[in-house]
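**Q**
Below is the structure:
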């Protein structure tokens, strides 16, 4: 069985082998004329290039998938923005999938990874169990989720964030500090924020009060529960909120209930996206290094793809954004 | 030249032709065992299936690319969220590319469309000229951008939005209404908001005052220019802002300058994303039907892909979100 080779195609098209290869691999500038010549020859000879076969079985796709709970959230949209920009620098395209209310999405992308239809996956959220992830061979990096020991994780320093926030609230004179946590059953490093909050309160002989409001709840549910909190008999003069949206909701409800902010109630959020900092400049928050998290994620994933060694966990520093009036 | 066929592969693997086809097309549930058998046979016989060749030349990829200025913006992240969800229903995956500060992204996706590496493109932003788009053959739908007569557009009813907003400000007693517009040189239907503003003011014998602040400017530049406006000798008691972020910036600056809101100054934004409505409930705005825009976009694109007829322009209704205190 004699195979048609790239040489035959080059001869038929009247161009060089390099030119044929460039067209077939979409490398560099390719004129319409060149593409037409090569494609006509390819079709005439019924040539199925080895590159295609190779790409089908194991070659690179230059595509990465990012799975987030929802892109419609300032933290994840800023993270996705920087990840896409960074990947574009390395000539990769980015699929974005929302996993909230759609666990199929996650399964499908994992299947695509398995079938080499994407070169790697960035997991910013997962519904599937750790067992299922353990079975998967492939280039996976997670952000703020400890999925398995085989999958490197990029996180911000959640414990330190929780510590700084709680200490700041105490410094500002708060006596009763509430902490709004996400879902404690999810194995997320974000739980370390709550651990730090507890530790700091214990050190200061203060009582903790943790309210669990899962991220996956609708905004309406979150607002309803926060409203209920304000009409309960719980007294509080400080809140360490789960994220900046939650912090702003609490500010709004406090204003509606005639609290004087920040004198009656001090609130510290988490995330510090540029959007929230621009929109709500009076918001105190723990700023995650989102751009750096994105860059580190891409760096680690590309290393995995190249078969290079990577660390288990990358913990990036956070910082307090205090507001002038609170000093 | 005798070609290896799918039948040879099936025989070699000891499975049915249907099973081989399923593995090669990634259709349905495929056990690891089946995949291994088929792949071993494929490799042993050096089989390059016709499907791959076909897919290379014209087959579907089940991938769509969305180009937005930046995903890191509430309007575009909400739009992307709904587009992704809708596409997932039809078994398509979504690439997201940011074109702001990266015009290469747009070019690359158009090239991918040309090379059939994506099945379609949704353009929510473009840097390239109309001439270049006219040359492209392929399934393209635009959102809020009139690119060419060959490319169907989904828009919200911008003129009506501008009309409702301006009339509401007049109804609320405003005498000097400013309009913040985007870049007037971009051929965007959003310019119709400004046209409506002008028409309504003319009808009411009021003077117009349009300030152009392009979307592509950094948030810092926008804030700087809005601050300057408040320290100029321009008098105004009403603002029709370009979008909700701009509206909130103006609210913040007005508060800093001891304006009493809304009695001293009425502000109406545009977009009405769920994020901004939840975060800033006191914001008056023109609500675009973002979910419906996303659904219509996907519907039109899938029709194009199937070769069905579509309309030139789809204009979807907007509505005013007034706030109780301003009534």
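Chains as they are written, first to last, in the numbering used here: chain A, 1 to 327; chain B, 1001 to 1327.
Where is the CB? At the ideal position from N, CA and C, for every residue including glycine.
Could you check whether the segment 276-294 of chain A touches the segment 240-255 of chain A, counting it as contact only if at least three pairs of C-beta atoms, one from each stretch, sit closer than 8 Å?
**A** Flag = yes, the segment 276-294 of chain A and the segment 240-255 of chain A touch.
**Q** Would you kindly work out how many angstroms separate the C-alpha atoms of residue 33/A and residue 40/A, rounded to a whole number?
**A** Spanning the two alpha carbons is a distance of roughly 11 Å.
**Q** Under a Cβ-count criterion, where at least 16 other Cβ atoms within 10 Å of its own Cβ denotes burial, should residue 308/A be classed as buried or exposed?
**A** Residue 308/A comes out exposed.
**Q** In the DSSP assignment, the beta strand (DSSP E) including residue 310/A goes from what residue to what residue?
**A** Run containing residue 310/A: none; DSSP gives neither H nor E here.
**Q** First and last residue of the beta strand (DSSP E) that includes residue 212/A?
**A** Unbroken beta strand (DSSP E) run through residue 212/A: 209-212.
**Q** What residues from chain B crowd round residue 138/A, counting only those whose CB sits closer than 8 Å?
**A** Per Cβ cutoff of 8 Å: no residues; residue 138/A is ~14 Å from chain B at best.
**Q** Residues in its own chain within less than 6 Å of residue 79/A by CB, not counting five upstream and five downstream?
**A** Result list for residue 79/A: 290, 294, in chain order.
**Q** Just verifying my parser: in three-state terms, what is the DSSP assignment at residue 183/A?
**A** Reduced to three states, the DSSP call for residue 183/A is coil.
**Q** To which residues of the same chain is residue 313/A closer than 6 Å at the C-beta, ignoring the five residues directly before and after it?
**A** Cβ within range, chain order: 153.
**Q** Compare the C-beta of residue 158/A against all C-beta atoms of chain B and say whether one is closer than 8 Å.
**A** No, residue 158/A lies away from the interface with chain B (no Cβ there is under 8 Å from its Cβ).
**Q** Measure the Cβ-Cβ separation of residue 126/A and residue 145/A and say whether it is below 8 Å.
**A** Cβ distance < 8 Å, so residue 126/A and residue 145/A count as in contact.
**Q** What separation, rounded to the nearest whole angstrom, lies between the Cα atoms of residue 139/A and residue 46/A?
**A** So the alpha carbons of these two residues sit roughly 34 Å apart.
**Q** Please state whether DSSP places residue 242/A in a helix, a strand or coil.
**A** The answer is coil: DSSP assigns residue 242/A none of H, G, I, E or B.
**Q** Just the C-alpha distance for residue 1135/B and residue 1142/B, rounded to the nearest angstrom, thanks.
**A** Their Cα atoms are separated by approximately 16 Å.
**Q** Looking only at its own chain, which residues have a Cβ that is under 6 Å from the Cβ of residue 1159/B, when we skip the five neighbours before and after it?
**A** So the list reads 1192, 1196, once near-sequence residues are dropped.
**Q** Go ahead and pull the three-state DSSP assignment for residue 1206/B.
**A** Reduced to three states, the DSSP call for residue 1206/B is coil.
**Q** Give the interface partners of residue 1097/B over in chain A, defined as CB-CB distance under 8 Å, in chain order.
**A** The answer, in chain order, is 84, 88, 93, 94.
**Q** Determine the chain A residues that contact residue 1215/B at a beta-carbon separation under 9 Å, and present them in chain order.
**A** Correct list: empty, because the minimum Cβ distance to chain A is about 14 Å.
**Q** Hey, does residue 163/A have any beta-carbon neighbour from chain B nearer than 8 Å?
**A** Judged by the 8 Å Cβ criterion, residue 163/A is not in contact with chain B.
**Q** Please classify residue 318/A as buried or exposed, where buried requires at least 16 other C-beta atoms within 10 Å of its C-beta.
**A** Buried is the call here.
**Q** Measure the C-alpha to C-alpha separation of residue 206/A and residue 198/A and round it to an integer number of angstroms.
**A** Those two C-alpha atoms are separated by around 9 Å.
**Q** If you compare alpha carbons, which of 1063/B, 1011/B, 1194/B, 1062/B is closest to residue 944/B?
**A** In the structure displayed, chain B extends from 1001 to 1327; residue 944/B sits before or after that span and is not available.
**Q** When you check each C-beta in the segment 259-271 of chain A against every C-beta of chain B, which residues fall closer than 7 Å?
**A** Answer in chain order: no residues at all.
**Q** So that I know if they touch, is there some Cβ in chain B lying closer than 8 Å to that of residue 279/A?
**A** At least one chain B Cβ lies under 8 Å of residue 279/A.
**Q** Would you decide whether residue 1175/B is buried or exposed? Buried here means 16 or more other CB atoms lie within 10 Å of its CB.
**A** By the 10 Å Cβ count, residue 1175/B comes out exposed.
**Q** Just curious, the alpha helix (DSSP H) that residue 1077/B is in, first and last residue?
**A** Where residue 1077/B is concerned, the enclosing alpha helix (DSSP H) stretches over 1074-1089.
**Q** By Cβ distance, which residues of its chain are closer than 7 Å to residue 1225/B, with the 5 residues on each side in sequence left out?
**A** Once the five neighbours on either side are set aside, the close Cβ partners of residue 1225/B are 1213.
**Q** Taking 8 Å as the threshold (beta carbon to beta carbon), is residue 1078/B in contact with chain A?
**A** It does: the Cβ of residue 1078/B has a partner Cβ on chain A nearer than 8 Å.
**Q** Would you identify the three-state DSSP class for residue 249/A, choosing helix, strand or coil?
**A** Three-state DSSP puts residue 249/A in a helix.
**Q** Compare the Cα-Cα distances from residue 91/A to each of 1104/B, 1088/B, 1081/B and report the closest residue.
**A** The option with the nearest alpha carbon to residue 91/A is 1104/B.
**Q** So residue 103/A is in the alpha helix (DSSP H); what residue range does that whole segment cover?
**A** That run of the alpha helix (DSSP H) goes 103-114.
**Q** Could you pull the start and end residues of the beta strand (DSSP E) that residue 320/A belongs to?
**A** Where residue 320/A is concerned, the enclosing beta strand (DSSP E) stretches over 319-321.
**Q** Between the segment 72-86 of chain A and the segment 108-119 of chain A, are three or more C-beta pairs nearer than 8 Å?
**A** In short, these stretches do not touch, since the Cβ pair count stays below three.
**Q** Which residue or residues does DSSP assign as beta-bridge partners of residue 1094/B?
**A** DSSP lists 1064/B as partners of residue 1094/B.
**Q** What's the C-alpha gap between residue 106/A and residue 128/A?
**A** If I take the Cα positions, the gap works out to 8 Å.
**Q** Between the alpha carbons of residue 1232/B and residue 1222/B, how many angstroms are there, rounded?
**A** Whole-angstrom Cα-Cα distance: 15 Å.
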